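Report on the structure given below.
4 protein chains.
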Amino acid sequence: MSNRNPLPLDEDGDDKLHEECGVFGIIGGDEAAAVTALGLHALQHRGQEAVGISAFDGTDFVTRRGLGHVADNFSTGDSIAELPGHMAAGHVRYSTTGGAGLRNVQPLYADLASGGFAVAHNGNISNASALKAELVQKGAIFQSTSDTEVIIHLVATSRYPTMLDKLVDALRLVEGAYALIVMTPRGMAACRDPLGIRPLVMGKLGDAVVFASESVALDVVGAEFTRQVEPGELIEVDFDGTVRSHRPFGDPPARPCIFEHVYFSRPDSIFNERSVYESRKHIGIELAKEAPCDAELVVPVPDSGVPAAIGYSQQSGIPFELGIIRSHYVGRTFIQPSDGARHAGVKRKHNANRMLVEGKKIVLIDDSIVRGTTSMKIVQIMRDAGAAEVHFRVASPPTGHGCYYGVDTPERSKLLAGRMDLAAMREFIKADSLAFVTIDGLYRAVGLAKRDNACPQYCDACFTGEYPTALTDLARRHERDAQLVLPVSKPVHKVA
Amino acid sequence: MSNRNPLPLDEDGDDKLHEECGVFGIIGGDEAAAVTALGLHALQHRGQEAVGISAFDGTDFVTRRGLGHVADNFSTGDSIAELPGHMAAGHVRYSTTGGAGLRNVQPLYADLASGGFAVAHNGNISNASALKAELVQKGAIFQSTSDTEVIIHLVATSRYPTMLDKLVDALRLVEGAYALIVMTPRGMAACRDPLGIRPLVMGKLGDAVVFASESVALDVVGAEFTRQVEPGELIEVDFDGTVRSHRPFGDPPARPCIFEHVYFSRPDSIFNERSVYESRKHIGIELAKEAPCDAELVVPVPDSGVPAAIGYSQQSGIPFELGIIRSHYVGRTFIQPSDGARHAGVKRKHNANRMLVEGKKIVLIDDSIVRGTTSMKIVQIMRDAGAAEVHFRVASPPTGHGCYYGVDTPERSKLLAGRMDLAAMREFIKADSLAFVTIDGLYRAVGLAKRDNACPQYCDACFTGEYPTALTDLARRHERDAQLVLPVSKPVHKVA
Amino acid sequence: MSNRNPLPLDEDGDDKLHEECGVFGIIGGDEAAAVTALGLHALQHRGQEAVGISAFDGTDFVTRRGLGHVADNFSTGDSIAELPGHMAAGHVRYSTTGGAGLRNVQPLYADLASGGFAVAHNGNISNASALKAELVQKGAIFQSTSDTEVIIHLVATSRYPTMLDKLVDALRLVEGAYALIVMTPRGMAACRDPLGIRPLVMGKLGDAVVFASESVALDVVGAEFTRQVEPGELIEVDFDGTVRSHRPFGDPPARPCIFEHVYFSRPDSIFNERSVYESRKHIGIELAKEAPCDAELVVPVPDSGVPAAIGYSQQSGIPFELGIIRSHYVGRTFIQPSDGARHAGVKRKHNANRMLVEGKKIVLIDDSIVRGTTSMKIVQIMRDAGAAEVHFRVASPPTGHGCYYGVDTPERSKLLAGRMDLAAMREFIKADSLAFVTIDGLYRAVGLAKRDNACPQYCDACFTGEYPTALTDLARRHERDAQLVLPVSKPVHKVA
Amino acid sequence: MSNRNPLPLDEDGDDKLHEECGVFGIIGGDEAAAVTALGLHALQHRGQEAVGISAFDGTDFVTRRGLGHVADNFSTGDSIAELPGHMAAGHVRYSTTGGAGLRNVQPLYADLASGGFAVAHNGNISNASALKAELVQKGAIFQSTSDTEVIIHLVATSRYPTMLDKLVDALRLVEGAYALIVMTPRGMAACRDPLGIRPLVMGKLGDAVVFASESVALDVVGAEFTRQVEPGELIEVDFDGTVRSHRPFGDPPARPCIFEHVYFSRPDSIFNERSVYESRKHIGIELAKEAPCDAELVVPVPDSGVPAAIGYSQQSGIPFELGIIRSHYVGRTFIQPSDGARHAGVKRKHNANRMLVEGKKIVLIDDSIVRGTTSMKIVQIMRDAGAAEVHFRVASPPTGHGCYYGVDTPERSKLLAGRMDLAAMREFIKADSLAFVTIDGLYRAVGLAKRDNACPQYCDACFTGEYPTALTDLARRHERDAQLVLPVSKPVHKVA
């Protein structure tokens, strides 16, 4: 009787890569947990599924965790009052993989022989499975399925005498990406992996020292930006305010994640010593140079396409107009009526400004294309609204490779650029023309002359497939798959 | 020990007038409740505090109500399955005044002698108290404190024979603003008050007829826009699809609310036969003509200031840039740490794009100023971020008068324009210059030559103080206050 | 593969008639709501599904309602603090018929022209539908499906001048059973129907006057028992402590419900000036005389069979022993495993004391048999535990007729005694012998010589089918059914 | 203005020792989790605060835990459907000490190198702190504060090759009381400590093997009682139904807890090969012989005093009557009105049957006296109801010593018998006479000639102070307290 929409509806109209986490910590200030809640709130775009804060009052650590947003869990006086003390650290996460509910929500905590140990981690340890297997063999009992717990067990069983040595001993065994904030009864430590893949910055709030994934969190809590934590740097802060910097991994060339500039970080953050907004606007400028277009309107796909669209408009002289209106009351999936409401899913989020676009030639600007499903629907919405021509420009190179450093990526076979060439992609999204910024255009937009192919200045593996670290767990999984010995096993325990 | 922020923090940074409601109805279609949920979702900006849907399956009416957003209450299959049938109507509301919890959430329903009667109402009845006193005197028992229930009791006690006559009989006694959707076992009726103060449009979804507060709801459910319900028009729709239009109040000149163009409606809606986005952009153009400014950047106060800022930029040639980044993870009030986090409340929502504005002369564009508190903080944020000059342009005339037609307005003494002249307002918000669009500039922007002062084409009472209807309850309250006979009495019953 | 139990499992093992409500009120004391909560808690056995309390603080009425037990809703200081004042009344109810959620939970409240009016009602109005139809015809709008609301509308539309006259005017139109507690801004009124079918007692707590369905509630709150409210009596109590008794219905002979002695009231209550425990023990004594039995153990079906079993044991000389152990952790239905767990449902509540009954001849004593399903299972459990003979004695006559006075009774066709004679009943429950106390035995046990058949001293309609009032709604329903004009209509509005 | 009750109100009127746990397990049957839920429900009296079930489906273990009763957490089909498989074990617990919420709720689970390991434990390990300190020193990370987790870590780090050897290796290091049910991918193991302090029985349900703390759980699930698990016995059950019994601790004389007969077990259970009901009735008989009394009524303190009261009545010939009526709607603490409601707290649970006891000489029978507060109030209630004399007989010896084997006991200084002699106790509870059964009377009642003082047949440490095991943690705490070195430390981590 009715024609069901033949496409799998991506209800949210969200076809983005997602940063998995944000971290925040403060030592030496009053109301440390309240500041941490505010800081995490400013990092909410880095993870919306769960949040946790641990605080230390000089004697005890207390941890509070919850599913959902920071405001859902830490906006009441009661929730903050449970977390007294002058040191606190917190974490927002994008998803709780493994169905383990609150067990995987960070900060993770353990009572070690040397005292309490709490850790918040942004990133992904690419040899976690291998390390875990060894630890369990020796009698370690894991309480979560989080890769972060591997670090705690490595610290717990390290034979070095001091906490700093134990931590460095542990991190030397670890491979992958991490920005860590650690609390012990003696103070706070913050650390980035040797390549500095994930971001971490440092600030000052009165006498207190603050760490955060992005500088915007410093702004929101009223702290001053000091500097970024350098790739491979481990910074110790004591309760008396002493700050000590260590370089336990020597000084390899850094490879920060270039996608922070493209999409992950907020435009008002400073990443790798450059304004993210500036980078995005310049990608639009590069794009206008590399892929000009005979259009009457530059229309951003809101909100992430706006800065590049401003750049494209300024460079091309074509007026910038809101041809798509985005609703911010989105989140859950709705029941889809079967009749009439074609594309309602995506329209709930993105609706055409019909009287503007009708009869016009438009160029759409989006930050990236992942699976392509949303792009296709947005093109269709523009056509349904009467656009005469719909051109599509993308403010990043084609995303053809998965990320193993703490970003949720679909399998390569689901990435549009992983399975199609440019012509096929244009055909898939049904645009009149399609262009991506080049990899060199992207490097220019972030302020460099070009990509140094011998030794790239950023991690750009999602575009190039060049991974800057070993990927031990992945390699072993491929070996096993090749031998057809075992399917990837399910977790052996689940908390219902 | 610490200096508490001396300003009363408006945590949300929200200093807006708020439309109190949105309504949606459908008759003659499959899955009427699911379509209604989607339609209300598209009207969510008109009311976020409560939502209700009533459905009629040919025999029974079922109503489901909840606090919070549409998605919180109507996104599951179970919630929709409880509401079967081919006719449904729903309502979102901004606040549940009177603390009466779910009792005041619409649609309201009553079993009348003639059968079931459900009503969803956007607007405000300005003689509700007077009518209620008379009804109670005759033995009527009210279950809510909503003015809408007065209509139901007037219908229930009308001596006219048919439901249509009863409804018209009731509405003739009522004064004020209303856009109503009524359901009875015989069909649906939709109606706007004689002046058409509140909006209501009509559409077609397959064979079904759809009504909604704004055209964007038609877009999102996939319906076609037919026309607006005319001021003073009452439209009956039967289950067989017959549509009958009535004009029970004759044909007085219309006075739709001009603030729908300024702020209430979504930019992708069509109001009073004109694109709202177009109106807003043209206000910016008028503003650039009336109040030019020597600035380097046009910076919108997001999101509502964006269309006018685009107009201002296009007219003036000054580049449009995102100097303020808005977080969309806002909602609840956070615990305010006492130290350091000066302006954290407003920064949670609006943060400066520091590296952009530093050292620059900027002109901020906002849609309106109500109390002025947010404007003051935003100017301060820009200065803290290093802006060299901060000019402020407002895309509406000064808001100096309360609204009694279904909009939540502060008392006149709290309206910035109700207590200060332009120079004092500029001083209060500490801008380098301040200008508002003129009332004629506003009328030009919505496509008219100028305001017809003898018979204004819109209700603009919030700017001019010229109220197009009697305000009986208000007049009586003033009389009583003048006689010092009685304080405004508390409600005599509360549900805890 | 497995044999599903062929009987419909009555999971709770509860095969009882249920009193529908309990009421409690206090005027003139401190912390009126706290006392009311405690009093309702002592009446919890009269209704477990919902509870409400209204309090009056001299200006406002506040009502708080909830589903579940008193302790679930009124055990916190916050819940009580919302209900300030020196007058309060409350209600527990067995079920919320009509699926209307909290709308039907009492006390009901209305703002009348004369001021606030709150009412708590135990009983059932047997012409409620007829009265409601008339009221709706005149324009009344009902907010609940409760018969009690009819009283409020009759009061609201009465033409008498004083509240007392209005109330009496309303009650004269009403037929059936009621024990009412009414609150107005002038004080409290308590009233029993002319026949006094449902119970109501009066007590004194310091200077305060207290009313309750049973005397046990007076004990628990520490009040002194004054006397019962007489059948047909209306007692007014003012805030200054003045108590006025009225007899608005003349002085018809009383007919209190004899089942209060059999099962409804708690054994430590005084009903109709007699100890309920004493009555129950004497039923056991009469039963031992009328239906002796060659058994080795008297085994009560706990808890309600215990007093009669003590009487039976004392009269017969057969030892009283706990052959069945009852769990008090019962309530919800459990998932029934298909294998092995035969009779697990009833065993969850009643388990055999196997080592006691094995090889013994036992006589089971229960207070009543309604559907017979639990009795059958209990006999089986005793046999499974090895009892040599199982005799069954019932401490009430056969229950063959429905109740229309506020007791939840199955249809006559589901009452075991409504569809079988004694021999068939014995066969159904598979006992070695079965006997019920005679109706005259029951009257003797409650202290009378015998039943006065011309003018019975109690309402015993459930045993005899002799209803002491007209049953207008039932008669009309039968008429309609006979004419096959209309099915019993569903409610026209439901709140999901 | 009002006289506050001078006594600390024990709101619940509960002055009992509490068993801390009950366990249940099944292997080899369909719907293992549903049977486990039913079995735990029958053990609900052993722990009401939390419940958990783990199930194994041949591949994965799934655990579901919750606060509150079994019925609150496991009565829905959904909750059971999450726990598929033919092996399951569960646990009810009295309290979640340590405020750790669900972390301490059993079964506990760990992924060991040898595979999954789940354990449910009833009892208390009296050297847990000492063992935990050693384990943490070696790098173990504890996730709960439960003593049970010590067993898991000892198993995880055991150097023995097989799971059975590892478990025995672990248990040899452990001191105290335990009845354990363990699940691994290979099957189930059930085990009692060498002295068999805590109970555990074994049954058969079709082909499945069932373990439970009490035989009543076997009855309720429909299983056949096989035998008790012997003290010091470890029983392994494989999925093919093979049952192997081990005696890893040799054959020391058993010391089961005699308080299971006095109060903990349900009267319809069989403990140590004897009917609990029979034991309790015989305590009443012994008591009547040892401490006769010139009374007119034997009144049990319900419910636990009933069997002994029946014995006392049968032996003495004084009639058994319900002089106290117990409400089963108890649980939460209520707000105590300050006026009038003297003793309302205890009356909520225990109310006098005034018309029965007025003017009578009565003898009250209770199972035990712990703090004495409830006994005092009950005596007072009887006097307030007009009893002429109130004698008190206790069906256990004076409880003067704490329990360290899994029973929640107040400190010795709060035990009435720990701080007073008989005369003072009588004075405290204000009875006309007071007597306890003798220790030899108690041993006779459980079927023995007398207590063997050289080698007692039961653990009766709560009466005698003779503890059958070392109490290492307690001894060390005393040492530390003696040296005044350290206060008892707070836990270093809390989950808020």
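Chains as they are written, first to last, in the working numbering: chain C, 290 to 785; chain B, 290 to 785; chain E, 290 to 785; chain V, 290 to 785. Backbone N, C-alpha and C define an ideal beta-carbon position, used for all residues, glycine too. Keep in mind the model is a prediction, meaning the values are calculated, not measured.
Buried/exposed call for residue i, threshold 16 Cβ in 10 Å
i	result
Ser702(V)	exposed
Ser534(C)	exposed
Tyr449(E)	exposed
Ala630(E)	Residue confidence for Ala630(E) is low, a pLDDT of 46 falling below 50, so the modelled location carries little weight; the figure read from the coordinates is stated next. Its Cβ being crowded by 16 or more others within 10 Å, Ala630(E) is buried.
Lys427(C)	exposed
Asp367(B)	exposed
Leu711(E)	exposed
His639(V)	buried
His782(C)	buried
Chain-ordered chain B contacts of residue i [CB-CB under 7 Å]
i	result
Arg426(E)	Per the sequence shown, the amino acid found at residue 426(E) is Gln instead of Arg. Those within 7 Å of Gln426(E) in chain B are Ala402.
Ala445(E)	Gly428, Ile430
Within chain B, partners of residue i - CB distance below 9 Å
i	result
Ile559(C)	Arg643, Met644
Proximal residues of chain C, C-beta to C-beta of residue i below 7 Å
i	result
Asp790(B)	This structure cannot speak to residue 790(B), because chain B is shown only from 290 to 785.
Whole-Å CB distance - residue i paired with residue j, under 8 Å assumed
i	j	result
Gly730(B)	Glu567(B)	Not a contact, Cβ separation roughly 15 Å.
Gly341(C)	His375(C)	Incorrect: roughly 19 Å between the Cβ atoms, too far for contact.
Glu438(C)	Leu489(C)	Actually they are not in contact, since the Cβ atoms of Glu438(C) and Leu489(C) sit about 20 Å apart, beyond 8 Å.
Asp482(B)	Ala506(B)	Actually they are not in contact, since the Cβ atoms of Asp482(B) and Ala506(B) sit about 20 Å apart, beyond 8 Å.
Amino acids of chain E, ordered along the chain, whose beta-carbon sits closer than 7 Å to that of residue i
i	result
Pro596(V)	Leu611
Residue i, enclosing alpha helix (DSSP H) - first and last residue
i	result
His330(V)	321 to 331
Proximal chain C residues relative to residue i, where beta-carbon distance stays under 9 Å
i	result
Gln746(B)	Near Gln746(B) there are no residues of chain C at all, since even the closest Cβ is about 20 Å away, more than 9 Å.
Range of the contiguous beta strand (DSSP E) that encloses residue i
i	result
Ile316(B)	310 to 316
Phe553(C)	From DSSP, Phe553(C) is part of no beta strand (DSSP E); its letter is neither H nor E.
Arg353(C)	350 to 356
Ser343(C)	339 to 345
Partner residues on chain A for residue i, Cβ-Cβ distance less than 7 Å
i	result
Thr365(V)	Absent from the structure is chain A; the protein chains it does hold are C, B, E and V.
Within chain V, partners of residue i - CB distance below 8 Å
i	result
Phe514(C)	Those do not exist, as Phe514(C) stays about 31 Å from chain V at its closest Cβ, beyond 8 Å.
4 or more residues per run - each alpha helix (DSSP H) lying fully within the stretch 604 to 688 of chain B = The qualifying runs are 633 to 638, 643 to 646, 662 to 673.
Return the chain-ordered ranges of every alpha helix (DSSP H) run that is complete within the stretch 497 to 540 of chain E and spans a minimum of 4 residues.
-> For secondary structure counted as the alpha helix (DSSP H) over 4 or more consecutive residues, the stretch 497 to 540 of chain E holds these complete runs in sequence order: 504 to 510.
Return the chain-ordered ranges of every beta strand (DSSP E) run that is complete within the stretch 431 to 497 of chain E and spans a minimum of 3 residues.
-> Secondary structure in the stretch 431 to 497 of chain E: the beta strand (DSSP E) runs of 3 residues or longer, each lying completely within the stretch, are 465 to 473, 476 to 481, 490 to 494 in chain order.
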